[in-house]
Structure formats: structure tokens, C-alpha cells
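Peer 1:
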RNA sequence: GCCCUCAUCGUCUAGGGGCCCAGGACGCUGGCCUUUCAAGCCGGUAACAGGGGUUCGAAUCCCCUUGGGGGCACCA
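Numbering (our numbering), first residue to last: 6 to 492.
1. Using only the alpha-carbon positions, how far apart do residue 210 and residue 142 sit?
2. Within 10 angstroms of the Cβ of residue 23, are there 16 or more other Cβ atoms? Answer buried if so, exposed if not.
3. Okay, do the stretch 471-487 and the stretch 406-423 touch, 3+ Cβ pairs below 8 Å being the bar?
4. Alpha carbon to alpha carbon, how far is residue 173 from residue 179?
5. Between residue 291 and residue 331, how many whole angstroms is the CB-CB distance? I'm expecting something under 8 Å.
6. Following the continuous alpha helix (DSSP H) through residue 32, name the residue where it begins and the one where it ends.
7. Going by DSSP in three states, residue 316 sits in which element: helix, strand or coil?
8. Please look up how many angstroms separate the CB atoms of residue 104 and residue 176, rounded, as I've assumed it's under 8 Å.
9. Just checking my contact of residue 65 with residue 274 at CB under 8 Å: how many whole Å lie between their CB atoms?
10. Should residue 491 be labelled buried (16 or more other beta-carbon atoms within 10 Å of its own) or exposed?
11. Is the Cβ-Cβ distance between residue 326 and residue 318 less than 8 Å?
12. Across which residues does DSSP place residue 107 in a beta bridge pair?
13. For residue 79, which residues from the same chain have a beta carbon less than 6 Å from its beta carbon, with the 5 sequence-adjacent residues on both sides left out?
14. Please say whether residue 454 and residue 526 have beta carbons closer to each other than 8 Å?
15. Report all residues from its chain with a CB closer than 7 Å to the CB of residue 258; omit the five preceding and five following residues, and keep chain order.
16. Tell me residue 168's beta-bridge partners as DSSP assigns them.
17. According to DSSP, which residues form a beta bridge with residue 7?
18. How close, in whole Å, do the beta carbons of residue 183 and residue 158 come, if the pair is a contact with beta carbons under 8 Å?
19. Between the stretch 236-247 and the stretch 208-222, do at least 3 Cβ pairs fall closer than 8 Å?
20. Between residue 231 and residue 70, what straight-line distance do the alpha-carbon atoms span, to the nearest angstrom?
21. Do the CB positions of residue 438 and residue 411 come within less than 8 Å of each other?
22. Give the range of the alpha helix (DSSP H) segment to which residue 198 is assigned.
23. Mapping DSSP to helix, strand and coil, what is residue 405?
24. Identify the continuous alpha helix (DSSP H) that holds residue 331 and give its terminal residues.
25. First and last residue of the beta strand (DSSP E) that includes residue 186?
26. For the alpha helix (DSSP H) containing residue 444, name the first residue and the last one.
27. Could you say which of 394, 117, 401, 106 lies nearest to residue 138 if we only look at CA atoms?
28. Applying the criterion that 16 or more other CB atoms from any shown protein chain within 10 Å of the CB defines a buried residue, is residue 193 buried or exposed?
29. Between residue 153 and the ligand GTP, is the CB less than 7 Å from at least one heavy atom?
30. Report the three-state DSSP secondary structure of residue 72 (helix, strand or coil).
31. Using CA atoms only, rank isn't needed, just tell me which of 256, 391, 336, 151 is closest to residue 315.
32. In the DSSP assignment, the alpha helix (DSSP H) including residue 430 goes from what residue to what residue?
33. Can you tell me the Cα-Cα spacing of residue 388 and residue 52, whole angstroms?
34. So residue 17 packs on residue 252, CB below 8 Å; how close in whole Å?
35. Give the single residue among 322, 363, 329 whose Cα lies nearest to the Cα of residue 342.
36. Check for me: the beta strand (DSSP E) holding residue 212 runs from which residue to which?
Next comes the structure, spelled out in C-alpha cells:
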């Protein structure tokens, strides 16, 4: 198996899903997973893209047996370092009558296509140079035009191959044109390079996205012309954006690394991506990487394109976050908190403190990136909030202030400031004051956290600690007083 | 325009002739639990694109239509 990305951009979830399916297939059957870099488009190569590819694979722990950084017996694994191989194959094809030099200028080709389109004909090369004699060709060559090498596609006949997912697929050769093998800059096209490399790297199965299905007959023809046995092909359904079109930047977060930044766990991504185009049975949603490897086969791959469903991804990530050990969650959350908490919060954060807070947000966070927003009141000196939030229906500021005052005094006397002590104490206090627990607890929640929706009150207070709580309650009473005077 | 391909709830999917007046999950939604928010539990909503065949019997097989997707570069 191989994953053969081109460093022309950051790999998106579809690219990585393809990589992962190849990896899964290799691991399931005990095969080898090869990583090959297809950098034959010099103009479109993006700096940093290669690193992003490796980083994406590493993040999901998709290790490659051969390829950049690890080597292997069939390298080099970067196409720009294999140019002689492609030239050799191309020259052989020309020599044996399967390919020819084409001297047509890009301008001519463009004009030709424009006219074809205007006549509602399929745009394709008109084969002008196909019939050039050797003499004519060398004449042109000496005149300084650098030719490309084109494949001499059979004019008639059918090309049939078996796709492991779709079954037999047939193309009429008459609908294919004479595609370019070698570009004038000396680099091969994808068609040429991938065939030469897949053959020489002993690739047995080519699993790639469906967008390649229509160029597969060209590949089959090329294999035949070179006298090589083609690999097995399997074309994966595409992953589409919410508008049902090919995934692109327009669809928001698409590059895999963006999901890491957004606080998704790698185990979530592996599980979720596996389910995009593959399924185990009629009910299993949550699978570990080991379980996926164990049961991954082609039979369960679907043929229909899938739309990336972010809501379900978030749900799944929440499930994985909740399954984490507190220590693990703490370690994973700290970088996000340090990134996202207000600038005023001193770094580095205390790991012990985060350790106390982590369990309180574990049930509530769907992504690690939500951690800061769910817990910022634990870190800021004083939370700022609308004093009206301290109030409840049918209870005036005076009553709340009074209740908070009494609470404050009781809390001062408490020796161990923990949930076990706080809960019974505050419950009986509410009864004593003749207040509904919801009213008292609500006011205390707002006072201590600055918000109406927060983790369970007593645990929150325990984590905050006595000093912080007392100070915040005092501030709340103060706020209520000012609210009264403003009236 | 031409070629290829696909077609089950809004989305991801199970289903490969009777087990399906179609199952699971996300979402949405009703209830329970509850100091808020979550989480959890119980329930509900919602689909076989349409039309012809084949068959005792079709979501499942065949054909057509429609619709979606992809391709048609000196990009991969």
C-alpha cells in the first residue's frame, strides 16, 4: 500500500482519510505502508506542506514502513529524486512506438480547447504531433522547441479493469486523448510517475479517492505499454463539504491540523474518519484503532460520497474526552488553557490546580479548545458579570444580599472547605433562611463564578478554595448594594 | 458538451430477494434525574428518488428517467 501526497498544500481530512485507509489495509493484512512524495509540480509546491503532511500522519500515529525519514529498499521516496527513472520509461515508450514527442505550444493547445468547447466538443488534444515522422521531429527539436512526451492512446477498443470497490469499469479508448507523460520542464506528470513508482516499489494495491477513477484507464494502458502487471485498484468515495461539493478551504476547517488546533483528539479523528466511508456493522460507532485495524476490510467500504458532519465529530470527541483519565485530560488541556486563557492569567499554569479543575469540565467539554471558556473563572482574579444575574424571580436584591452575608459568615467558620462539608451546610442554611435551594445556590454560583451555568457549585467552590470564594461573595454583596443605590 | 460513477432518515450508515410497513448513530425533540449547565437514562421525529420490469415475494436483481458526485491540463 502507499499514500502518495503532493506537497501542494496542507492535507485535508479527505487526504488523510485516504492515507488512513491505506494504512489500515496494510496493517490489517500485514502488508507494508509506503509514503511517497509526489513533488513533480514545481510551480505549485508549497513550502511547509511536506512537513504538514508528515505532521498530520504522525498526529494520528499512522506510521509508514518506507518513505521519507525512515528510508526503505525501494527509494528514494521523493519523485524529484527519481527523474532518470521516468525519462528512461518515457524514452522506451517512444522507442517502442507507444509515445511520441509533441511540439505544440501551450497557446495553441489553449486555443484548440477553447474552440472545442465552443463547438460543445470534449476538450482534448487533437493529436497533431502524433504522426510526425522522425525527421520532422528532429527538425523541430533542433529549432529549439522543447517537446513534451505524449502517450499514444489506442484510437479504438475498450479498456476494462476491476475496481475492488465498484467492480468492473469500462472506458472507450476513443474518449481518451493522448495525455502528457513528460512535461517540458523535464518532470513527469502524475500518470507517468505514479505508474513507474508503483511498479518499482512493488505496490500491490492502489487505494485512492474516486476522483482518480476516470484516469485509471490511462494508467492501465500505460502498464500494458510498459509490459507491466497493474496493481489492484480501489477507489474510495469522496468526502464532500456541506454543500455537496469537493472539500475545499471554503468549507471552513478542512486541513487535519486545524482540527488539532480546534481541540479534537487524535483518537477521535481516527475513529470518525474510519466511519466516513467504512463501517463495521449496523450499530458500532465507537472503535479503538486496534479494533478498526482488526476488522478493516474492503467489503465494508461504501460507494457513496460522504459529507463531513462536524456535529457528530464534536459529539464523538466529547465521548473520548469523558473517557480520559483525569491526569491525561489535564496534560492535554494545559496547552489549550495557556493558549486561550486571558492574557492577564499568569503562565505557566499550576498543574495541580488544573488537575482539580479538569474533572469539573470533563463532562462539559466537547473539544479541548472549549476548556478555557468553560473554566476561565477559575483563573481570573475577579470575574466580571452583570449583577442582575445574582437575582432570582421573586427575590429582591436585599434578600439576596442578606443571604449572601449570612452565608459568608458561616463559610468563614468552616474548617475544611470541601464538598462534603459545604453541601450539608448550605442546604440547611437555605432551609433556615426559608429560601429555595435554587435561589441561594444560584446566587452563590453567580457570585463565585460570574455565570449562571457552571460546574456543580460545591465542587467548584472547593476547587476555587476558601479565600477566593469569600472574596468573590464579598464582591457580590458589594455589587448588590450598588445596584440598590442606583435605583 | 462528452466520459465514468453513485443513489436508504437533514447527516453518517446497517441492509446484498422473504428475518424490514427498514435497524443504529449524530442532530432535533418530549420526559426522568437535578443547585445551574452538562452527562446519563427512557421515549419521539425522520428515509428505501421516480417509473417500468423479473419473481409467489423486492430497499435488495435488470432497464429507463431524474438527481448527486467526479473527470475531461505540460495539477496532482
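By construction, the Cβ of each residue, glycine as well, lies at the ideal position given by its N, Cα and C atoms.
Peer 2: In short:
1. Put simply, the backbone Cα of residue 210 is about 38 Å away from that of residue 142.
2. Of the residues assessed, residue 23 falls on the buried side of the cut-off, its CB having 16 or more other CB atoms within 10 angstroms.
3. In this structure the stretch 471-487 lies against the stretch 406-423, because at least three pairs of beta carbons, one per stretch, are closer than 8 Å.
4. Those two C-alpha atoms are separated by around 19 Å.
5. Not a contact, Cβ separation roughly 20 Å.
6. Its alpha helix (DSSP H) spans residues 18-34.
7. Reduced to three states, the DSSP call for residue 316 is helix.
8. Between residue 104 and residue 176 the beta-carbon gap is near 19 Å, outside 8 Å, which marks them as no contact.
9. Confirmed, Cβ separation roughly 6 Å.
10. Flag for residue 491 reads exposed.
11. For the 8 Å CB-CB criterion, residue 326 and residue 318 do not form a contact.
12. Beta-bridge analysis with DSSP links residue 107 to 153.
13. 206.
14. Because the chain spans 6 through 492 in this model, residue 526 falls outside it and cannot be assessed.
15. Contacts found: 264, 267.
16. DSSP lists 172, 238 as partners of residue 168.
17. 39, per the DSSP bridge assignment.
18. Indeed they touch by this definition, with Cβ atoms about 5 Å apart.
19. In the pairwise beta carbon analysis, the stretch 236-247 is classified as touching the stretch 208-222: at least three pairs are separated by under 8 Å.
20. A straight line joining the alpha-carbon of residue 231 with that of residue 70 spans about 27 Å.
21. Between residue 438 and residue 411, the C-beta spacing is below 8 Å.
22. That run of the alpha helix (DSSP H) goes 195-205.
23. The answer is helix: DSSP assigns residue 405 an H, G or I state.
24. Note, residue 331: alpha helix (DSSP H), 331-345.
25. From DSSP, the beta strand (DSSP E) with residue 186 extends over 185-187.
26. Residues 442-454.
27. Taking only the C-alpha atoms, the option nearest residue 138 is 106.
28. Buried, since its Cβ has 16 or more Cβ neighbours within 10 Å.
29. Annotation note on the ligand GTP: not contained in the displayed structure, which lists no ligands.
30. Strand, per DSSP.
31. Ranking the options by Cα distance to residue 315, first place goes to 256.
32. Counting along the chain, the alpha helix (DSSP H) containing residue 430 begins and ends at 424-438.
33. Looking at the two C-alpha atoms, the distance is approximately 44 Å.
34. The beta-carbon distance between residue 17 and residue 252, rounded to whole angstroms, is 6 Å. This is short enough to meet the 8 Å contact definition.
35. Ranked by Cα distance from residue 342, the first of 322, 363, 329 is 363.
36. Residue range 210-214 is occupied by the beta strand (DSSP E) that includes residue 212.
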